[in-house]
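Chemist: Here it is, the structure, as structure tokens.
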Amino acid sequence: MTTPSRAESALRVVIGTIATFVIGALLLVLTGHNPVFAFAAMFRGAFGSIVAFASTVDKAVPIGLCAIGISLAYRGGLWNIGAEGQFYFGAFAAAGFGLSLPENVPHALGIAGVVACGLAGGAAWAAIAAAAKVWLRVNEVLSTLMLNYVAILWVDYLVSGPWADPVTFSFPYSPELPDAARLPAPIAGIDLGAVITLLAAAALYAVDRGMRWGYELRVAGDAPRAAAYGGIRASAVTASALVAAGALAGLAGAIEVAGTTGRLQSGLSPGYGFIGILVAWLARSSPLGIIAGSVVYAGLLNGGFSLQVSGVPSAIGTVLQAVLLVCILTTFSLGRYRLRFGAAVGEAP
Amino acid sequence: MSLEFLLAAALISSTPLAYAALGELVIERAGIVNLGVEGTMLIGAVAGFIGAQITGSAWAGVLAALVCGALFGGAFAMLTITARLDQVVAGLAFTVLGRGLSSYIGAGFVGVPPRAVIHKLNLGVLGHVPVLGPVIFGQDPLVLGAILLPVLLSLYLRFTRMGLVLMALGETPEVVDSLGIPVILLRYAYVISGSALMGVGGAYLSLAYIPSWIENITAGRGWIAIALVIFGTWRPLWVFGGAVLFGLVDAVRFRVQLDNYPVDPHFLNMLPYLATLLVLALVARSRAHGRLGGPAALGAAYDRERR
Amino acid sequence: MMTAGEPLVRLERLSKRFGQSLANDQVSISVPHGKVVAVVGENGAGKTTAMNLLAGLYMPDSGRIYVRGELLRPGSPRDSVRAGIGMVHQHFKLVDTMTGLDNISLAVDRGQILRRRRTSPAIDALMREVGFSFDLDVYVWQMTLAARQQLEILRALLSAGTHLLILDEPTSVLSALESAELFGRLRRITATGRSVVLISHKLKEVLEIADEVVVMRAGRVVHAGPIGSVTLFELGRLIVGDRLFGTGRPPPQRPGRPVLRLDHVRVANDLGLPAVEDVSLEVRAGELVAIAGVSGNGQTELMEAIGGIRELRGGSIAKPHQQRHRGFAYIPSQHLGTALAPNLSIAENAILGRHRSNPFRWWLRRRDVDSFARAAIERFDAKAQARQPVRQLSGGNLQRVILGRELAEDPELIVASYPTRGLDVASAAQIRNVLVDHAAAGAAVLVASEELEESFSIANRILVMHRGRIVGEYRSDSPELANIGRLMTTGVAS
């Protein structure tokens, strides 16, 4: 694989984005909608007002946290397809903590507990796959994938049974978390979840820039034998990265229940963990790219919702999410072809 | 509830799983992982329903599902085989794409009563054979197809030269290539036909099982199909057996819900995933000795001049 | 149409480039009917590339191929197979999880429905005619290497009536006896009018079996003619060019203290089968010891065990040790992926194994990393930039970077597995000198080598390894070449 220059990468992203718009417009026209109108409405719905933007940021936070974790695990050569399940398990742990809080607990303690439980819950869920990988050599793509649905069904069970809210009896909701366990509303426009996400991105940057753990992770991910040669315990390092990825996804789940919804509920995530995978790949491991990508993908999600009023099915947002990824990845991949067959740049023998 | 009824219900529940899982099996045997089963099934389900609405014929709907599943698979093949995108990412993207596209296209059909559905067969005398009559011969043709398909696939893999080539394709594509057999072409063919099967599996939901179009009609069956391929250790009859087993769980679950059984249905729903995790662990442990593992070249794009 | 005197196959001015290196430069070779043509040359001379072009596995950049006077479509394995060209690769192209018969059915159209019960008359006839002796119903992964090779040859002969059989280094996996059997079969194959191309770098066997010889060096054909036209000595000179044998000189020996000691070491290979059985040896400070042997006799596994990346099955190894990492230099035979992480930069690779000692703490300061990188690059003049991914380097520069890193602290023990394999002449000479210099300066050096000349030119002592055991020990000033050769191939001295 050749690494394209920064300008070349930017050009490819632009081409991929244009292609996405063209494909999206085509779909809209074919189904009898006005693409200009629809795209404009989507943009307004995602970024057109303070309220819209705030709602987009609310969705960008879980996407971003999941993507940062996925990207981190991938540095160690591990796929975390299980961010969705870790998100749910983190949300479960956080909600469990919040719901069992006695009265008159200080707010700071409540928030700290919720965050810690989210981290621990996600980490624990990922640790199952990590342990199976280290001791049984179970492929983590499949194990994390399978664990997703177990976690989702577990939460479904709780909110429709033992933790069901007696007030909203017919809905699969838990009771609301007490105030002490709720994240504060944005203060002066600063959203706590957004701050945490930016901190996580900064941490990812530090991992790349010079942390020894990050270095060992990259070596272990690239060449496990070289890691053994260099005295690195490859399986331990990569497993710790997978657990850390789970912790981040679990944190996203905690922020969701403690900040956005205020309760544990069925269908808590519209696929944040999966969208996170798309964003992590789109960003090609860059922390800044992940932040930008999660805002864009959250915008597509939000913009899609706001379209419903105008009669265009909201699923167009989901379609564009997938098409955008495929288009951009394809431009990069086709660029590789040009280099292979055009110039005399082959693989070294 | 009689045993016959339970078995018949199990077969019906297992039919969409069987088509999708066998489709995935064919693709994985060819060395490609397609995690977009859920998306492909949804495309098939919506195409099948709309096809039947337009033509008034359920079988035209099935054909539409087959063709649209194949087209969706063809796009996946182009991205993973020709453009060599990462198969895991492409598969997840296609899951999202299939979900979005089916919801978008099907938005006008939600809650619309179906113009045509697939009917159960009336095979006359055969229908009165004890046990087999109601369990098998009284089913609709797609259920019978789901029973026949694994047998045919198994024979194909075991007793034909093309089946041998298919197995080699997933084990060692470079060997197949060096023998002058077209690796790329065959991988396309298998991805497309496997995806067509997934499309049919989806259409069964919207034309026979439910039958109507609702958003996200597959409700995770695509992921169970992927699990089943592992659960059945990449062997058609075992995969089908797994599908029937989970179909049975599904059938029992209805009974549990009716009778207020002490086990919560959510836990029964977890079973396919938990069972697959167990199989994953067992297969991983035995891989060094036994022959239970997946195709060796699974997930790797083929590039002849890579050295 | 076949014209009189037209050879079976004619390669005309074929060129093929891989990245920076020109693997084939205007290569022209012709193969007559019913003859054995040997293509000889050093590792990396372009022999295999030329034959892969003929087999359609690579697309030539320029040039043409004619089979029986007809132009062959390049880059198509299918067309090559149809034209009657069969190739047995060094790494066998067999499906391990299938039986021998299934592997044949895969390649040869024996009807679309598989008949596993019986072989066809064509197979039986060929088995008898060529004298194959192996069981077709056994899974490939259970077969010996010799049996797999026979299966490959049988399959190549069966498919589409192969007229030209290409064998890439066929004897590298065979014992002396098995090699003799192979040559007998090749004679029978040419007796049927088919031709054979034999890629080899073993001159003696070439003289024994070939009718014609083609010598390649650095991607070019430097000689082609009947076997009688050259002597063994001339052939050797053609292969290596103007290079002289034995330019090196072993380090002056002063008895030092033992630095490395192996006691009854046993090691398993990747398949869990015994690769090293009961090896005991000692390397003292100031001496250079070479392990000689046909590759695949356990040398790699032994070196990996000493290097600490392969577990011991038994015995013990006493070596300089430090907390959390090796306390000595280890240069494995395969660099990329073992000693180097291919996609990481040279700077990052330069600190591998050093990143847990001074000056590094939990944070790796870029300044420190860069100074390590500079040192590793400059020590042996590697042509490389610190920020470059390591996979972009050529073999010689890779080896220089590893040596630069591993020898940075003048270690008291150096363990090197095939350190000159695949390198150009100048790089190989430089690396031999580096090893000798370190031994002369007091380090204990253990080298595995597949070139006997190399071992004799740099080592004080030579240990011969065969089937996982040390079967002989020689001092380099008492060359008993014939004896060593027999030991290496049979494990028994006369």
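Protein chains in written order, with the numbering used here: chain A, 35 to 383; chain B, 469 to 775; chain C, 13 to 506.
Ideal placement from N, C-alpha and C gives every residue a C-beta, glycine not left out.
1. Can you tell me the Cα-Cα spacing of Trp706 (chain B) and Gly700 (chain B), whole angstroms?
2. Less than 8 Å separating the beta-carbons of Glu466 (chain C) and Arg444 (chain C)?
3. Pull up the CB-CB distance for Arg481 (chain C) and Val291 (chain C), whole angstroms please, since I reckon it's below 8 Å.
4. For the beta strand (DSSP E) that contains Asp180 (chain C), what are its first and last residues?
5. Considering Cα atoms alone, identify which of B:Pro609, B:Leu653 and B:Arg655 is closest to Ala676 (chain B).
6. Could you please tell me which residues of the segment 104–131 of chain C, in chain order, have their CB closer than 8 Å to any CB of chain B?
7. Ala387 (chain C) and Gly416 (chain C) - do their beta-carbons sit closer together than 8 Å?
8. Report the residue from C:Leu247, C:Leu314, C:Ala452 and C:Ile389 whose alpha carbon sits nearest the alpha carbon of Gly268 (chain C).
9. Should Phe81 (chain A) and Thr90 (chain A) be called a contact, given that it needs their Cβ atoms to be closer than 8 Å?
10. My output table needs one value for Gly258 (chain C): the three-state DSSP class, helix, strand or coil.
11. Going by the beta-carbon positions, is the gap between Leu425 (chain C) and Ile303 (chain C) smaller than 8 Å?
12. Leu256 (chain C) to Arg243 (chain A), Cα distance in whole Å?
13. Evaluate the contact criterion for the segment 119–127 of chain A versus the segment 184–191 of chain A: three or more CB pairs, one atom per stretch, below 8 Å.
14. For Ile414 (chain C), which of C:Tyr70, C:Arg391 and C:Gln404 has the nearest alpha-carbon?
15. Per DSSP, what kind of secondary structure is Leu549 (chain B) in: helix, strand or coil?
16. List, in order along the chain, the chain A residues whose C-beta lies closer than 8 Å to that of Glu360 (chain C)?
17. Could you check whether Leu113 (chain C) and Arg34 (chain A) sit closer than 8 Å to each other, using their CB atoms as the reference points?
18. Among B:Thr686, B:Val611 and B:Pro763, which one has its Cα closest to the Cα of Gly638 (chain B)?
19. Using only the alpha-carbon positions, how far apart do Ala214 (chain A) and Ala142 (chain A) sit?
20. Span of the beta strand (DSSP E) holding Val457 (chain C)?
21. Can you tell me whether DSSP reads Glu24 (chain C) as helix, strand or coil?
22. Could you tell me the alpha carbon to alpha carbon distance between Gly258 (chain C) and Val242 (chain C), rounded to whole angstroms?
23. Quick one: using the 10 Å Cβ neighbour count with 16 as the cut-off for buried, is His757 (chain B) buried or exposed?
24. Which residues in chain B have a C-beta closer than 8 Å to the C-beta of Arg322 (chain C)? List them in chain order.
25. Note down, in chain order, every chain A residue with its Cβ under 7 Å from the Cβ of Tyr741 (chain B).
26. Taking the continuous alpha helix (DSSP H) assigned at Val70 (chain A), which residues delimit it?
27. Name, in chain order, the residues that DSSP records as bridge partners for Gly237 (chain C).
28. Could you list which residues in chain B have their beta carbon closer than 7 Å to that of Ser177 (chain A), in chain order?
29. When Cβ atoms are compared, which residues of the segment 566–584 of chain B fall closer than 7 Å to chain A?
30. Span of the alpha helix (DSSP H) holding Arg200 (chain C)?
31. Output, in sequence order along the chain, the residues in the segment 53–72 of chain C whose CB is closer than 9 Å to any CB in chain B.
32. Helix, strand or coil for Gln607 (chain B) per DSSP?
33. Identify each residue in the segment 643–670 of chain B for which the Cβ-Cβ distance to at least one residue of chain A is less than 9 Å, and report them in chain order.
34. With 9 Å as the C-beta to C-beta threshold (strictly closer), list the residues of the segment 672–703 of chain B near chain A in chain order.
35. Residues of chain A with CB closer than 7 Å to the CB of Asn36 (chain C), please, in chain order.
36. Report the residue ranges of all beta strand (DSSP E) runs contained in full by the segment 388–441 of chain C; include only those spanning at least 3 residues, in chain order.
Modeler: By the coordinates alone:
1. 5 Å
2. yes
3. 7 Å
4. Leu176 to Asp180
5. B:Pro609
6. Lys105, Leu106, Val107, Asp108, Thr109, Met110, Asp114, Ser117, Leu118, Ala119, Asp121, Arg122, Gly123, Gln124, Ile125 and Leu126
7. yes
8. C:Ala452
9. yes
10. At Gly258 (chain C), the pLDDT of 48 sits below 50, so the modelled position is not reliable; the number obtained from the coordinates is stated separately. Correct three-state label for Gly258 (chain C): coil.
11. no
12. Note that Leu256 (chain C) has pLDDT 47, beneath the 50 cutoff, so the model's placement of it is unreliable and the number below is only indicative. When rounded, the distance between both Cα atoms is 49 Å.
13. yes
14. C:Arg391
15. It is worth fixing the name first, because residue 549 (chain B) is Ile in this sequence and not Leu. DSSP places Ile549 (chain B) in helix when its eight states are reduced to three.
16. Tyr249, Arg252 and Val253
17. In the structure as shown, chain A begins at 35 and stops at 383. Residue 34 (chain A) is therefore absent and cannot be evaluated.
18. B:Pro763
19. 8 Å
20. Ala456 to Ala460
21. strand
22. At Gly258 (chain C), the pLDDT of 48 sits below 50, so the modelled position is not reliable; the number obtained from the coordinates is stated separately. Their backbone Cα atoms lie some 22 Å apart in a straight line.
23. For His757 (chain B), the predicted structure reports a pLDDT of 38, less than 50, and the residue's modelled location is therefore unreliable. A value from the coordinates is still provided. Under this definition His757 (chain B) is an exposed residue.
24. By Cβ distance, chain B contributes nothing, its closest Cβ being about 16 Å from Arg322 (chain C), past 8 Å.
25. Met180, Tyr183 and Val184
26. Pro69 to Phe81
27. C:Val225
28. Leu745 and Leu748
29. Arg567, Gly568, Leu569, Ser571, Tyr572 and Ala575
30. Ala188 to Ala203
31. Ala67, Gly68, Leu69, Tyr70 and Met71
32. coil
33. none
34. Glu683, Gly688, Trp691, Ile692, Ile694, Ala695 and Ile698
35. Result: empty, since nearest Cβ-Cβ is about 11 Å, beyond 7 Å.
36. 425–429
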